[in-house]
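Visitor: In our numbering, the protein residues as written are 15 to 172.
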């Protein structure tokens with residue numbers, strides 16, 4: 015299986031893409047709005063109810079979802095719409111990743127087995143090492159929380 019190119023390497027390819035490819039890809043791209051809206055709704059429902067119950071700090075939505083590029087006067091209308099969509103889509107996914115990470119930090123702060131093809135999320139940094147049964151037992155018995163370096167909030171191992 016071919017390794018994916020870094021995002022920077024794809025930028026020149028995108029700029030040179032003929033318009034017909036955009037027309038073919040656009041319906042697939044914009045069809046993703048349906049699952050994204052459902053993800054957003056269910057995620058917010060879970061987040062706003064479960065986090066306070068568990069004592070996990072609520073994640074500020076506006077820190078992840080930002081729709082502002084449509085205000086740029088130099089963009090044509092179609093690009094304003096596309097930029098609004100991308101701001102929402104990428105924001106929802108980043109917001110979901112943060113909420114999932116905080117949930118993982120609370121319930122299962124154990125690193126995955128290290129392999130060369132796995133890219134661990136940054137929030138795994140302070141997790142218990144994979145296979146460290148003694149470290150897990152100590153944290154579990156102490157009810158020790160894993161501190162989020164970004165916010166300083168403590169969650170995990172209730």
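Idealized CB from N, CA, C, for every residue including glycine.
For residue 150, which residues from the same chain have a beta carbon less than 8 Å from its beta carbon, with the 5 sequence-adjacent residues on both sides left out?
Guide: For the purposes of this step, residue 150 is taken as residue 136 along the chain shown, with counting starting at 1. Only 124, 142 meet the Cβ criterion.
Visitor: Unbroken beta strand (DSSP E) runs of length 3 or more, entirely within the segment 50 to 101: which are they?
Guide: Counting whole runs of 3 or more residues, the segment 50 to 101 contains no beta strand (DSSP E) stretch at all.
Visitor: Compute the Euclidean distance between the alpha carbons of residue 135 and residue 54, then round it to the nearest angstrom.
Guide: What you label residue 135 is simply residue 121 of the chain shown in a count that begins at 1. What you label residue 54 is simply residue 40 of the chain shown in a count that begins at 1. So the alpha carbons of these two residues sit roughly 21 Å apart.
Visitor: Which value, in whole angstroms, describes the spacing of the CA atoms of residue 98 and residue 118?
Guide: Position 84 of the chain shown holds residue 98. Position 104 of the chain shown holds residue 118. Distance between the alpha carbons of residue 98 and residue 118 is about 30 Å.
Visitor: Return the chain-ordered list of same chain residues with a C-beta closer than 7 Å to the C-beta of residue 81, the five sequence neighbours on each side being excluded.
Guide: Residue mapping note: residue 81 aligns to position 67 of the chain shown, counting from 1. Hits under 7 Å: 98, 101, 102.
Visitor: Taking just the CA atoms, how far does residue 145 sit from residue 3?
Guide: Nothing in the structure corresponds to residue 3, since the chain is present only between 15 and 172.
Visitor: My guess is that residue 78 and residue 109 are in contact by the Cβ rule of under 8 Å, so how many angstroms apart are they, rounded?
Guide: Start at 1 with the first residue of the chain shown, and residue 78 comes out as number 64. Start at 1 with the first residue of the chain shown, and residue 109 comes out as number 95. Indeed, because the Cβ distance is near 4 Å, the residues count as touching under 8 Å.
Visitor: Return the bridge partner residues of residue 124 from the DSSP annotation.
Guide: Position 110 of the chain shown, counted from the start, is the residue given in the question as residue 124. Beta-bridge pairing links residue 124 to 142.
Visitor: Identify whether residue 36 lies in helix, strand or coil by the three-state DSSP scheme.
Guide: Your numbering for residue 36 matches position 22 in the chain shown. Helix.
Visitor: Please report the Cβ distance between residue 115 and residue 137, rounded to the nearest whole angstrom; I am assuming they are in contact, meaning their Cβ atoms lie under 8 Å.
Guide: Position 101 of the chain shown holds residue 115. Position 123 of the chain shown holds residue 137. About 4 Å separates the two Cβ atoms, so the contact holds.
Visitor: Given a threshold of 16 other Cβ atoms within 10 Å of its Cβ, counted over all protein chains shown, does residue 62 qualify as buried or as exposed?
Guide: In the chain shown, counting from the first residue as 1, residue 62 sits at position 48. Exposed, because fewer than 16 other Cβ atoms sit within 10 Å of the Cβ of residue 62.
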